[in-house]
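Heads up: the protein sequence lines correspond to chains A and B, in order.
Going left to right, the first sequence walks through residues 1 to 149 as this note's numbering numbers them.
Going left to right, the second sequence walks through residues 1001 to 1149 as this note's numbering numbers them.
Number of protein chains: 2
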Amino acid sequence: MSDEMHLKDALDTLKTTGVRITPQRHAILEYLINSMIHPTADDIYKALEDKFPNMSVATVYNNLRVFREVGLVKELTYGDAASRFDFVTNDHYHMICECCGKIVDFHYPGLNEVEQFASHVTGFQVNSHRLEVYGTCPECMAGESKKAL
Amino acid sequence: MSDEMHLKDALDTLKTTGVRITPQRHAILEYLINSMIHPTADDIYKALEDKFPNMSVATVYNNLRVFREVGLVKELTYGDAASRFDFVTNDHYHMICECCGKIVDFHYPGLNEVEQFASHVTGFQVNSHRLEVYGTCPECMAGESKKAL
DNA sequence: TTATTAATTTATAATTGTTACAAATAGTGT
DNA sequence: ACACTATTTGTAACAATTATAAATTAATAA
């Protein structure tokens, strides 16, 4: 699906859930959809400060919360490091470089069995799960080997 | 394996890695091993303030970092909420209640295939992975149903 | 045991991501 | 155009964590 389609769908979702479409929201969504870097709130703030010199950081946070509540955006939390935000398209997991922080998406079929298993074992009602794989990206591995010389 | 054994092993690990065993470190480790609640740094700080009225919060954080670096402890990070610390015994995953925050351990065999798969697909060198399942615990479900009446 | 030395603790200040708040602004329906 | 409510903005507050420097202490060897 194209980015324009995603944006259109997202705006439709907002409309049907009764969330006003402001220029700031439009821009934040657009940036999120086009961005491949899983940006932080601050990334977004900085990226849009040319277009919206007066926009407040609070606006970015507010709207990311709204988008999350409506289900358009997922928040990836990392301790006291800044959260990263991911426009929800299809289900995927994240491969994270421990060296440079890069996040790469990958698809992996059917981990629903884990949810079922966990539910059975713990007695919880299961809603969702989160899987992340940590390692070193090819670029950083190259860098490391250079350092070793 | 018994808790006393875990503590002994942990102290041995510290000794062999050249980390000094201070009373504070001993107490923090002991508390971590006995605790079932995956405590925050503040939980630990509060739990030990009777025994160590002068201990600083920084000490707790410092030592949790040391333990993490030596591999005795895992840090579970959750956005701007406080990190929780988990004494490393055998591998397990966490089932987290979105209602009350309770964390329950469960075992699930072989997710190494995911690591292999991710490595193959992304080209990363894989070190580890993190899986968490989110839902509602039985107690909260009971509470919710009561509320609904 | 004691003296030495480097690691550790402590107290406090600073930092950072995020949220709360109140006032100003801008859409929306009448 | 008017009134009403959602939204934005700017700022202050907050909480978890870390940095810093001075005081203390554990491990080691004489």
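The beta carbon of each residue, even a glycine, is placed where N, CA and C say it ideally should be.
Q) Whose C-alpha, out of HIS1120(B), GLY1101(B), GLU1115(B), LEU1111(B), is nearest the C-alpha of PHE124(A)? A) GLY1101(B)
Q: Measure the CB-CB distance between LEU29(A) and LEU64(A) and report whether it falls below 8 angstroms.
A: no
Q) To which residues of the same chain is HIS1129(B) closer than 7 angstroms at the C-beta, ignoring the five residues directly before and after it? A) LEU1111, VAL1114, GLU1115
Q) If we ignore side chains and look at the alpha-carbon of each, how far apart do TYR1031(B) and ILE1044(B) end up? A) 7 angstroms
Q | Endpoints, the beta strand (DSSP E) within which THR1077(B) is located | A | 1073-1078
Q. When the Cα atoms are used, what is the spatial distance from ALA1010(B) to TYR108(A)?
A. 36 angstroms
Q: Check whether the Cβ atoms of ALA1082(B) and LEU1048(B) lie closer than 8 angstroms to each other.
A: no
Q.
Please return the same chain residues whose Cβ sits closer than 7 angstroms to the Cβ of THR1122(B), not counting the five positions on each side in sequence.
A. none
Q. Are the Cβ atoms of VAL70(A) and THR22(A) separated by less than 8 angstroms?
A. no
(Q) Could you tell me the alpha carbon to alpha carbon distance between ALA142(A) and ASN54(A), rounded to whole angstroms? (A) 42 angstroms
**Q.** Neighbourhood of ARG1068(B) by C-beta, 6 angstroms cutoff - its chain only, sequence neighbours within 5 removed
**A.** GLU1075
Q. Any idea if ALA118(A) is buried or exposed, counting beta-carbon neighbours within 10 angstroms, 16 or more meaning buried?
A. buried
Q. For ARG25(A), is the classification buried or exposed, using 16 other Cβ atoms within 10 angstroms of its Cβ as the cut-off for buried?
A. buried
Q) Any idea if ILE1037(B) is buried or exposed, counting beta-carbon neighbours within 10 angstroms, 16 or more meaning buried? A) exposed
Q. On the premise that ASN1127(B) lies in contact with GLY135(A), defined as a C-beta separation below 8 angstroms, what is that separation, rounded to the nearest angstrom?
A. 5 angstroms
(Q) Report the start-end ranges of each beta strand (DSSP E) in the stretch 1088-1138 of chain B that is 3 residues or longer and not cut off at the edges. (A) 1093-1097, 1103-1106, 1125-1136
Q | Residue of CYS99(A), TYR61(A), PHE106(A), CYS97(A) minimising C-alpha distance to PHE85(A) | A | TYR61(A)
Q) Is PHE1087(B) closer than 8 angstroms to LEU1072(B) when the C-beta atoms are compared? A) yes
Q. If you measure beta-carbon to beta-carbon, which residues of the stretch 1119-1130 of chain B are closer than 9 angstroms to chain A?
A. SER1119, VAL1121, THR1122, GLY1123, PHE1124, GLN1125, VAL1126, ASN1127, SER1128, HIS1129, ARG1130
(Q) Counting only Cβ-Cβ distances shorter than 8 angstroms, please list the residues of the stretch 1068-1080 of chain B near chain A, keeping chain order. (A) GLU1075, THR1077, TYR1078, GLY1079, ASP1080
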